[in-house]
Amino acid sequence: MSSPHSIMGSFTHSVTGGNGRGRPIKDTLFESRLFQNRATFGFVLIALAVVLLLARYTWLQVVAHEEFTARSNSNRVRMVPVAPNRGLIYDRRGRPLAENIPAYRLEIVPEKAGDFEDTLTRLATIVELPEDAAEKFARDRKRYREFDAVPLKFNLSEEEVARFALDRHRYPGVDIAPYLSRYYPYRELLTHVLGYVGRIDEDDLARLDPDDYRATSHAGKSGIERQYEVALHGHSGLERVETNAGGRVIRSLERTDPVHGDDLVLSLDIQLQQVAWDALGDRPGAIVAIDPNDGSILALVSKPAFDPNLFVHGISAADYEAILASPGRALFNRVIQGGYEPGSTLKPFVGLAGLELGVTTADKKVFSTGNFYLPGLDRPFRDWRKGGHGWVDITSALEQSVNTYFYRLALDIGIDRMHDYLAQFGFGEITGLDLPGEITGILPSREWKMAEHHQPWYPGETVISGIGQGYNVVTPVQLAVAVAALANGGRRFAPHLLYASKQAGNEQAVHQQAQDITQIPVVTEQNWDTVREGMRRVVHGAAGTARALQPLSGYQMAGKSGTAQVIGIAQGKDYNENQVAANLRHHALFIGFAPVGNPTIAVAAVVENGGGGSRQAAPVVKAVIEAWLAQEPPK
Amino acid sequence: MKGLLPGWFGLPRLDWTLLLCLLLLIALGLLVLYSATSRDLSAVYGQAARAGVGLAIMLGLSLVPPHVLRSWTPWLYGLGLFLLVLTLLIGEGRGADRWLDFRVLRFQPSEIMKLAVPMMIAWFFHPITLPPSIKATLLAGVLLGVPAALIADQPDLGTALLIAVSGSITIFLAGLLWRYILILAGLVGAALPAFWIMLHDYQRNRVLTFLDPESDPLGSGWNIIQSKIAVGSGGLFGKGWLNGTQSHLEFIPERHTDFILAVLAEEFGLFGVTLLLVLYVVITSRCIYIASMAKDTYSRLLAGSLGFTFFVYVVVNCGMVSGLLPVVGVPLPMISFGGTSMITLLAGFGIVMSIFGHRNFIR
Numbered sequence: 001m002s003s004p005h006s007i008m009g010s011f012t013h014s015v016t017g018g019n020g021r022g023r024p025i026k027d028t029l030f031e032s033r034l035f036q037n038r039a040t041f042g043f044v045l046i047a048l049a050v051v052l053l054l055a056r057y058t059w060l061q062v063v064a065h066e067e068f069t070a071r072s073n074s075n076r077v078r079m080v081p082v083a084p085n086r087g088l089i090y091d092r093r094g095r096p097l098a099e100n101i102p103a104y105r106l107e108i109v110p111e112k113a114g115d116f117e118d119t120l121t122r123l124a125t126i127v128e129l130p131e132d133a134a135e136k137f138a139r140d141r142k143r144y145r146e147f148d149a150v151p152l153k154f155n156l157s158e159e160e161v162a163r164f165a166l167d168r169h170r171y172p173g174v175d176i177a178p179y180l181s182r183y184y185p186y187r188e189l190l191t192h193v194l195g196y197v198g199r200i201d202e203d204d205l206a207r208l209d210p211d212d213y214r215a216t217s218h219a220g221k222s223g224i225e226r227q228y229e230v231a232l233h234g235h236s237g238l239e240r241v242e243t244n245a246g247g248r249v250i251r252s253l254e255r256t257d258p259v260h261g262d263d264l265v266l267s268l269d270i271q272l273q274q275v276a277w278d279a280l281g282d283r284p285g286a287i288v289a290i291d292p293n294d295g296s297i298l299a300l301v302s303k304p305a306f307d308p309n310l311f312v313h314g315i316s317a318a319d320y321e322a323i324l325a326s327p328g329r330a331l332f333n334r335v336i337q338g339g340y341e342p343g344s345t346l347k348p349f350v351g352l353a354g355l356e357l358g359v360t361t362a363d364k365k366v367f368s369t370g371n372f373y374l375p376g377l378d379r380p381f382r383d384w385r386k387g388g389h390g391w392v393d394i395t396s397a398l399e400q401s402v403n404t405y406f407y408r409l410a411l412d413i414g415i416d417r418m419h420d421y422l423a424q425f426g427f428g429e430i431t432g433l434d435l436p437g438e439i440t441g442i443l444p445s446r447e448w449k450m451a452e453h454h455q456p457w458y459p460g461e462t463v464i465s466g467i468g469q470g471y472n473v474v475t476p477v478q479l480a481v482a483v484a485a486l487a488n489g490g491r492r493f494a495p496h497l498l499y500a501s502k503q504a505g506n507e508q509a510v511h512q513q514a515q516d517i518t519q520i521p522v523v524t525e526q527n528w529d530t531v532r533e534g535m536r537r538v539v540h541g542a543a544g545t546a547r548a549l550q551p552l553s554g555y556q557m558a559g560k561s562g563t564a565q566v567i568g569i570a571q572g573k574d575y576n577e578n579q580v581a582a583n584l585r586h587h588a589l590f591i592g593f594a595p596v597g598n599p600t601i602a603v604a605a606v607v608e609n610g611g612g613g614s615r616q617a618a619p620v621v622k623a624v625i626e627a628w629l630a631q632e633p634p635k
Numbered sequence: 636m637k638g639l640l641p642g643w644f645g646l647p648r649l650d651w652t653l654l655l656c657l658l659l660l661i662a663l664g665l666l667v668l669y670s671a672t673s674r675d676l677s678a679v680y681g682q683a684a685r686a687g688v689g690l691a692i693m694l695g696l697s698l699v700p701p702h703v704l705r706s707w708t709p710w711l712y713g714l715g716l717f718l719l720v721l722t723l724l725i726g727e728g729r730g731a732d733r734w735l736d737f738r739v740l741r742f743q744p745s746e747i748m749k750l751a752v753p754m755m756i757a758w759f760f761h762p763i764t765l766p767p768s769i770k771a772t773l774l775a776g777v778l779l780g781v782p783a784a785l786i787a788d789q790p791d792l793g794t795a796l797l798i799a800v801s802g803s804i805t806i807f808l809a810g811l812l813w814r815y816i817l818i819l820a821g822l823v824g825a826a827l828p829a830f831w832i833m834l835h836d837y838q839r840n841r842v843l844t845f846l847d848p849e850s851d852p853l854g855s856g857w858n859i860i861q862s863k864i865a866v867g868s869g870g871l872f873g874k875g876w877l878n879g880t881q882s883h884l885e886f887i888p889e890r891h892t893d894f895i896l897a898v899l900a901e902e903f904g905l906f907g908v909t910l911l912l913v914l915y916v917v918i919t920s921r922c923i924y925i926a927s928m929a930k931d932t933y934s935r936l937l938a939g940s941l942g943f944t945f946f947v948y949v950v951v952n953c954g955m956v957s958g959l960l961p962v963v964g965v966p967l968p969m970i971s972f973g974g975t976s977m978i979t980l981l982a983g984f985g986i987v988m989s990i991f992g993h994r995n996f997i998r
């Protein structure tokens, strides 16, 4: 089969003998053998390569198979914490005060998002982002892991959701997630009760369990929301999900459901709250209504207030400035943080101290001339009525709010005994109301003055302490607790807003019994009746300071007015309301309870810069009491 | 001698062994592609259509006698060079995403050169006495060096290297003396540092990443790590067709193109990889066998070069997917999605079949 050409070739090769002189003629047979040598060499290389490759794949797929299987699984399977639903808050009749409403938020997984700045710039074209979004994000992402989704914006509008859904593929690592947003239907009406939730910050993390809050974006910042944060929050669940390389969840493999937060029932009555709110009108002030039978709070108003919903989605700088700039310090909860001079509202307690300590008796009469002199002082302590009230016993002294009677009494009791007795009503210490941030007020004593002012106590200070002036500072909630204890015969409760709570899975809410009860020692029951009679006459007596209140039909109400000085009026000078700037006018105070024989409500009210307590604060208290007594007693 | 020519339109002289193996490969490739594209039938049809076009070209070329191909060779090479220069002047800078460019009409001149360079060198060696002299070797070096340099400049280092390799294989098969080979190897070794400096940043990164992929697991190391996880988690028999999580959850990048072997390895395991390698070895061996049967220098060198080069592709891709070699844009022959590669390969096998069919005719 070989051609003449090839025979010639091989022949030529043998003649010339390799690299001889001149250009040799091609030797096909030699070239063919040469090629076969090289091909064989090449084939050996191929065999080696195949052995090497098979060894490599065997190592990967057989020897290290387990390890790579584990890595493949951890690649695709991720443990995702599931946020629990926050417990709802109801009033004592089951009306919802804090709800969860469905909303959408924009989330970003930093690990998958690539260039964050660029993503943000592009996102801003379809979603309205706050100016400080980048800053907030930078702060927030510290508490998330690289592959966790960090919320970028809450409460997206439907339009924003739709726009993003169309463009989703352009934003790797960015997604929209449904969540439940907190909503306060009663807005500013309950701000100072419920508080609000806001984005979790470093402070929150310092006191909360970070593991349980990995999926949670909001926590209680103030009020009930903060006080009962742990109960309301519940416990987060865990879900094993399969994700793709883009971090998107493909499906759920296994899930431990979160434990929903407890639903809370507050003792508050939203209707009564509304009445109290309206009664205060536009004036700044505070109202607390308390059930003297169990210490539960029926209404709690501090004015002015603000819309807590603004804080839920992250308040804008402008809105926050507006709240700060508004007159009356809306962020400040007057009920627990407002310190007021009690004025004459302290008189019933001083009177009771006098009776119970045996310093005076119900029958003992004192002649009021309008001026009271301390030995060695020629300047008098004055009564509010020029010329005095004539002969008064303790009942009429309360009815007419006779200063000189209580000057005398205070002096007879002495500051030490007066301090100790009043302390039993809770003055000078926090009441233990279940709201954060309560202040103690001041119940002055020798020790207190020495510690605070490094001065000894002067007798004149005892005199004015008898009418609640001088160093005395009380909060509205202290007054309410004290008057409730006076009304119910000496049982002092730690007041509480929490009435009952319902744990996830339970059918019925469990009533929360009042925990902290102090029984004030009762020497003689009649002494208490005497004081309460004096307070009844404040409203119903012919000379009562609050007789202008129309008596309630069918009920008897007891009360005591007070006027707290904002500017010091020198003894001997007259105070003319019309000549004083509105913000320096006296605060009007009133405490009361009803019905007198069997009290079901006790109220303390402060109307700031209102002037006289009986004129400004008494109608507010009456309105609240009337509304409460008009209701069916709740179950 | 011309009287012995069978003429242009003889019966196709197919090599059934080669054809059967190629068809098996194509079928296996379509199967894996369906999974790798997450059941995208249109991609599978497109690939099948391109395989059809490639097979048609293969059959067509198998009819053209080698001496006719030889006479075309300088023209083809010249055309390729011209297009490469044209690409250099007006071509788009496609950067690193060139392999996403799977539109049939889009033309990559470098593909021509995959065939034209070994053809040209075989053509050059055909009339001269072998083993080649130093002068002839240097000239052959220029023939492969110029297109390789032009392609490397695109920049497409992978293709440039493969073309240089295919040319070198041709020179090696021509019988370049071992002492020259050793000297050359020494020179290349010495030139490596200079070569390193000339590399583009991303090319350097690839090599560095290859050396230590875990140093940047989310960046340039991602491909290698995810690919190894896919292969390793496949085990002996794989996770099953369409069940590869690494692939379907999009962890493997380029999973239907350069990294399609990772999908195959994940879903069919070591068993699938071995089967694939067996097919490749049979095809390569067949080419080398045909080459050794050839009676003229041109046919012998060309068939041998095409066969060995084909296996170099296989080794480079398998090495890359398993982390043995750095990531270079070399598709898995006959399997990876993308028209140009498969059509060029099938055209090459057409030439081999022509050499087989015309082995008894000598010029």
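Sequence order for the protein chains is B and F. Per the working numbering, residue 1 is the first one in the first sequence, and the count goes up by one each step. Per the working numbering, residue 636 is the first one in the second sequence, and the count goes up by one each step. We put the beta carbon where it would ideally sit given N, CA and C, even for glycine.
Look at residue 885 of chain F: its C-beta is under 7 angstroms from a C-beta on chain B. Neighbourhood of residue 900 of chain F in chain B, by CB distance below 9 angstroms: 57, 60, 61, in chain order. Segment contact: the stretch 545 to 561 of chain B against the stretch 581 to 600 of chain B, three or more CB-CB distances shorter than 8 angstroms; contact assigned. Here residue 101 of chain B is exposed: its Cβ has fewer than 16 other Cβ atoms, across all protein chains shown, within 10 Å. Shown here, residue 626 of chain B sits in a helix according to DSSP, grouped into three states. For the stretch 320 to 364 of chain B, the continuous alpha helix (DSSP H) assignments of 4+ residues that do not extend past its boundaries occur at 334 to 337, 347 to 356, in sequence order. Listed in chain order, the positions of the stretch 759 to 779 of chain F with a beta carbon within less than 7 angstroms of a beta carbon of chain B are 764, 765, 766. Counting C-beta atoms within 10 angstroms of its own C-beta, residue 598 of chain B has fewer than 16 neighbours from the protein chains shown and is therefore classed as exposed.
Looking at the DSSP output, residue 670 of chain F bridges to nothing. DSSP lists no beta-bridge partner residue for residue 523 of chain B. In this structure residue 496 of chain B is in contact with residue 434 of chain B, their Cβ atoms being roughly 5 angstroms apart against a cut-off of 8 angstroms. The beta carbon of residue 64 of chain B sits closer than 7 angstroms to some beta carbon of chain F. For residue 953 of chain F, the chain B residues whose Cβ falls inside 9 angstroms of its Cβ are 49, 53, 56, 57, in order along the chain. The Cβ of residue 69 of chain B sits closer than 7 angstroms to at least one Cβ of chain F.
Just so you know, the alpha carbons of residue 722 of chain F and residue 870 of chain F end up roughly 44 angstroms apart. Between the stretch 111 to 129 of chain B and the stretch 164 to 175 of chain B, the count of C-beta pairs closer than 8 angstroms reaches three or more; the two stretches touch. Put simply, the backbone Cα of residue 527 of chain B is about 56 angstroms away from that of residue 217 of chain B. Secondary structure in the stretch 468 to 538 of chain B: the alpha helix (DSSP H) runs of 4 residues or longer, each lying completely within the stretch, are 476 to 487 in chain order.
By the neighbour-count criterion, in which a residue is buried when 16 or more other Cβ atoms sit within 10 angstroms of its Cβ, residue 453 of chain B is exposed.
For residue 181 of chain B, the enclosing beta strand (DSSP E) has its first and last residue at 174 to 183. By the rule that beta-carbons nearer than 7 angstroms mark a contact, residue 173 of chain B does not touch chain F. Around the beta carbon of residue 830 of chain F, fewer than 16 other beta carbons lie within 10 angstroms, which makes this residue exposed. For residue 780 of chain F, the enclosing alpha helix (DSSP H) starts and ends at 769 to 787. Residue 956 of chain F has its alpha-carbon roughly 40 angstroms from the corresponding atom of residue 178 of chain B. At a beta-carbon threshold of 8 angstroms, the residues of chain B lying near residue 935 of chain F are 31, 32, 35, ordered along the chain. Rounded to the nearest whole angstrom, the C-alpha separation of residue 421 of chain B and residue 103 of chain B is 54 angstroms. In the structure shown, residue 933 of chain F falls within a helical segment according to DSSP collapsed to helix, strand and coil. Taking a Cβ-Cβ threshold of 9 angstroms, the residues of chain F close to residue 242 of chain B are 880, 884, in chain order.
Counting other Cβ atoms within 10 Å of its Cβ, residue 458 of chain B stays below 16 and is therefore classed as exposed.
Assignment of residue 135 of chain B by DSSP, reduced to helix, strand and coil, places it in the helix class. Taking 8 angstroms as the upper bound for CB-CB distance, residue 84 of chain B and residue 234 of chain B are in contact here, some 3 angstroms apart. Under the three-state reduction of DSSP output, residue 433 of chain B falls in the coil class, being neither helix nor strand. Interface residue (Cβ-Cβ distance to chain F less than 7 angstroms): residue 76 of chain B is classified as such. When the Cα atoms are used, residue 521 of chain B and residue 499 of chain B turn out to be separated by approximately 27 angstroms. Going by C-alpha positions, residue 797 of chain F is about 24 angstroms away from residue 668 of chain F. The straight-line gap separating the alpha-carbon atoms of residue 879 of chain F and residue 865 of chain F is approximately 8 angstroms.
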